[in-house]
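Single-structure report; data block below.
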Amino acid sequence: LPQRLQGSAESVWNEYITLAMKYQPLNLGQGFPDFHAPQNVTKALAEVSQSPNPLLQQYTRGFGHLRLVKALSTLYSKLVGREVDPISEVLVTSGAYEALYASILGHVDEGDEVIIIEPFFDCYEPMVKMAGGIPKFIPLKPKESPSDSITSDDWVLDDNELEGLFNSKTKAIIVNSPHNPVGKVFTQVELERIAELCKKWNVLCISDEVYEWLVYDNKKHIRMCTLPGMWDRTITIGSAGKTFSLTGWKTGWAYGPKELMVNLQMVHQNCVYTCSTPIQEAIAIGFEEELSRLNSSECYFNSLPVELKAKRDFMFQFLKDAGMKPTLPEGGYFMLADWTALEHKVDLATESDKYRDYKFTKWMTKNQGLQGIPPSAFYSEGNKKLGEDFVRYCFMKKDENLAKAAEIFKKWK
Ligand code: PMP
Ligand code: GLN
Numbered sequence: 004l005p006q007r008l009q010g011s012a013e014s015v016w017n018e019y020i021t022l023a024m025k026y027q028p029l030n031l032g033q034g035f036p037d038f039h040a041p042q043n044v045t046k047a048l049a050e051v052s053q054s055p056n057p058l059l060q061q062y063t064r065g066f067g068h069l070r071l072v073k074a075l076s077t078l079y080s081k082l083v084g085r086e087v088d089p090i091s092e093v094l095v096t097s098g099a100y101e102a103l104y105a106s107i108l109g110h111v112d113e114g115d116e117v118i119i120i121e122p123f124f125d126c127y128e129p130m131v132k133m134a135g136g137i138p139k140f141i142p143l144k145p146k147e148s149p150s151d152s153i154t155s156d157d158w159v160l161d162d163n164e165l166e167g168l169f170n171s172k173t174k175a176i177i178v179n180s181p182h183n184p185v186g187k188v189f190t191q192v193e194l195e196r197i198a199e200l201c202k203k204w205n206v207l208c209i210s211d212e213v214y215e216w217l218v219y220d221n222k223k224h225i226r227m228c229t230l231p232g233m234w235d236r237t238i239t240i241g242s243a244g245k246t247f248s249l250t251g252w253k254t255g256w257a258y259g260p261k262e263l264m265v266n267l268q269m270v271h272q273n274c275v276y277t278c279s280t281p282i283q284e285a286i287a288i289g290f291e292e293e294l295s296r297l298n299s300s301e302c303y304f305n306s307l308p309v310e311l312k313a314k315r316d317f318m319f320q321f322l323k324d325a326g327m328k329p330t331l332p333e334g335g336y337f338m339l340a341d342w343t344a345l346e347h348k349v350d351l352a353t354e355s356d357k358y359r360d361y362k363f364t365k366w367m368t369k370n371q372g373l374q375g376i377p378p379s380a381f382y383s384e385g386n387k388k389l390g391e392d393f394v395r396y397c398f399m400k401k402d403e404n405l406a407k408a409a410e411i412f413k414k415w416k
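If you count by our numbering, then the sequence shown holds residues 4 to 416, one letter each, in order.
Set out below in structure tokens:
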């Protein structure tokens, strides 16, 4: 085994998807919608497949199909308030995963330090290690709260701890807002604090904004690259899977200044080279339609969060009713809940896992037919205990399935 792969282990996704296939639980685990993606985009793909233009079934431009990079450039130029060049400042990737991979492999050298905020989307750590980098972790911690519920805004970084992580070896920090799994939408002040440290220590910011449209309660998603002095040191990552509820289409992108993007292009050209043409064409058509109604409530980017907020509120209530202590997320489509008040109803001893949240979620899958994700998967080895009291549920599910989940908790004696 090459050195860069030593210590690699199967991800929580592969393990829990196998578990779900075996036990067929109601699946609130892996994040994906169980309802139909917007018809205009899926119809566009059907039409592209029948197009008289034969080239739509062949290789397209390696760094991104022209129609799609143009649509992305139009959209993000508006959103970030500067001209984003479609050719040199946008890269289409195989999911946000590949955009993360290209950002990390394209910048991190042997021995470079990369700051990762815990809990973190689990692939950040192995990707940094694959590049020979050294991940440095800092946890978001929930403030002590006397009430039985808190919001994702109560999960905060310690300013001094953050400052202490930056040094001359720091190459990058990965920031994910809206956040998976906490649901935190970083505030202007929190982002500025990170931005100041990036500028002080000449650090790259990899800003994972795949849930950019999913914010609730008038919270505002702020793009890191729009902060003063940050465009030149930020790579922003998005996902069609999240934007159009098409996770199976595995299409994402990165945008940023061309001096940085060229490094991602090198990783991409030597690995994936070019993404699927018909899928990029269909996503471009989807973006063109949304661009024509960006300020209307009909725009999918505006209607989806309204639909999701109701699902979030429903889940928050049934988890509370069940005796859990959920964190109300301000963004994204996941909810963390402290399950420890239910411990007496669960036989953890039947599971042999090292961490209690793994035992809890496996026991629930097998005995109550409900799957969640163990959040310790989103912590570094030394901090996994911080995740053990929690479970992560996805509320991007049909109302009837959320109702079934509520029913499972209600019936559970
Ligand atoms: N970043 C975060 C925070 C995510 O939750 C996900 C999950 N899909 C990704 C990146 C990867 O996105 P994609 O499916 O487009 O590869
Ligand atoms: N982003 C999704 C989640 O967090 C899917 C992750 C995955 O399948 N690797 O559940």
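Even for Gly, the Cβ is constructed at its ideal location relative to N, Cα and C. Please read these numbers as outputs of a predicted model, since none were measured by experiment.
For Arg64, the three-state secondary structure derived from DSSP is coil.
A direct Cα-to-Cα measurement between Tyr358 and Ser148 gives close to 24 Å. Per DSSP, the continuous beta strand (DSSP E) segment holding Pro142 begins and ends at Ile137 to Pro142. Bounds of the alpha helix (DSSP H) holding Ile411 are Asp402 to Lys414.
Minimum Cα-Cα distance from Cys208 among the listed residues Arg395, Ile197 and Tyr104 corresponds to Ile197. Trp16 has its alpha-carbon roughly 14 Å from the corresponding atom of Lys25. Those residues placing their Cβ nearer than 6 Å to any heavy atom of the ligand GLN are, following chain order, Trp16, Gln33, Gly34 and Asn183.
For Thr250, the CB falls within less than 7 Å of some heavy atom of the ligand PMP.
The continuous alpha helix (DSSP H) containing Cys201 extends over residues Gln191 to Lys203.
Glu215 and Gly186 do not touch by the CB rule: their CB atoms are close to 14 Å apart, not below 8 Å.
Scanning its chain for C-beta atoms nearer than 7 Å, with the 5 sequence neighbours on each side dropped, one finds around Phe140 the residues Ile119, Glu121, Ser383 and Asn386, in chain order. Relative to the ligand PMP, Phe124 has its C-beta within less than 7 Å of a heavy atom. Beta-bridge pairing by DSSP links Asp341 to Lys328 and Phe393.
Beta-bridge annotation (DSSP): Val178 is paired with Ser210. The alpha-carbon separation between Gly10 and Ile137 amounts to approximately 14 Å. Annotation for Met264: Ser91, Glu92, Val93, Leu94, Ile238, Ala257 and Tyr258 place their beta carbon closer than 8 Å to its own, counting only its chain and skipping 5 residues before and after.
Taking the CA atoms as reference points, Leu82 sits about 9 Å from Thr229. With a cutoff of 7 Å, Tyr396 does not count as near the ligand PMP, since its C-beta is closer than that to no heavy atom of the ligand. About 5 Å separates the beta carbons of Gln374 and Asn30, which is inside the 8 Å limit, making them a contact pair. With contacts defined as CB atoms closer than 8 Å, Ala409 and Phe337 fail to qualify as a contacting pair. Short note on Asp211: C-beta closer than 7 Å to some heavy atom of the ligand PMP. If you check the CB distance, Ala74 and Phe290 come in under 8 Å. Remark: three or more beta-carbon pairs, one from each stretch, lie closer than 8 Å, so the stretch 32-52 and the stretch 276-288 are flagged as touching.
At least one heavy atom of the ligand PMP lies less than 7 Å from the C-beta of Ala99. Contact check for Gly98 and Thr277: beta-carbon distance about 14 Å, past the 8 Å limit, so the pair fails to qualify.
Comparing alpha-carbon positions, the option among Leu108, Thr173, Thr190 and Glu301 lying closest to Pro181 turns out to be Thr190. DSSP, reduced to helix, strand and coil, places Val270 within a helical segment of the structure shown.
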